[in-house]
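Okay, so here's the structure we're looking at.
Numbering (the UniProt record's numbering), first residue to last: 1 to 114.
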């Protein structure tokens, strides 16, 4: 997988646009980042998953996915090894990340005033 192929898959998702942050490309939907490529090096990508999604992918494909170091990783940010990941698996991971920023979260019920 090349960085250009990663970008093509990310940009194929509805409403996705390419931006940049910190000198590397990122991919956004509705103004929110769901993926990036080129950090910490050109051989890496990142998918903004939930912690549960991250655990599932890391357990299933440890050669392809690894948690980002630090607090971002604890929140689900997941590094993708471009040399290992195939297009089908990447599309699945990026679709989950895209859904995480595009599908509205259910509103919490408000407490009734006493």
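Glycine is no exception: its CB is placed at the ideal position from the N, C-alpha and C atoms.
Run of the beta strand (DSSP E) containing residue i, from where it starts to where it stops
i, result
"residue 12", "Where residue 12 is concerned, there is no enclosing beta strand (DSSP E), given that its DSSP letter is neither H nor E."
"residue 67", "65-67"
"residue 35", "32-37"
Residue i to residue j span [Cα, whole Å]
i, j, result
"residue 145", "residue 111", "Any property of residue 145 remains undetermined from this structure, which presents the chain solely from 1 to 114."
"residue 39", "residue 46", "8 angstroms"
"residue 23", "residue 102", "25 angstroms"
"residue 66", "residue 5", "20 angstroms"
"residue 105", "residue 41", "33 angstroms"
"residue 74", "residue 60", "18 angstroms"
"residue 98", "residue 34", "5 angstroms"
"residue 81", "residue 63", "7 angstroms"
"residue 53", "residue 19", "24 angstroms"
"residue 70", "residue 79", "12 angstroms"
Exposed unless 16 or more other CB atoms sit within 10 angstroms - verdict on residue i
i, result
"residue 2", "exposed"
"residue 86", "exposed"
"residue 17", "exposed"
"residue 28", "buried"
Three-state class that DSSP yields for residue i in the structure shown
i, result
"residue 18", "strand"
"residue 102", "helix"
"residue 46", "strand"
"residue 89", "helix"
"residue 8", "helix"
"residue 78", "strand"
"residue 83", "coil"
Limits of the alpha helix (DSSP H) - the one that residue i falls within
i, result
"residue 108", "Neither: residue 108 is in no alpha helix (DSSP H) and is coded neither H nor E."
"residue 115", "The question about residue 115 has no answer here: the residues shown for the chain are numbered 1 through 114."
The segment 88-95 / the segment 5-13 touching (three or more Cβ pairs under 8 angstroms): Under the 8 angstroms Cβ criterion, the segment 88-95 counts as touching the segment 5-13, having at least three qualifying pairs.
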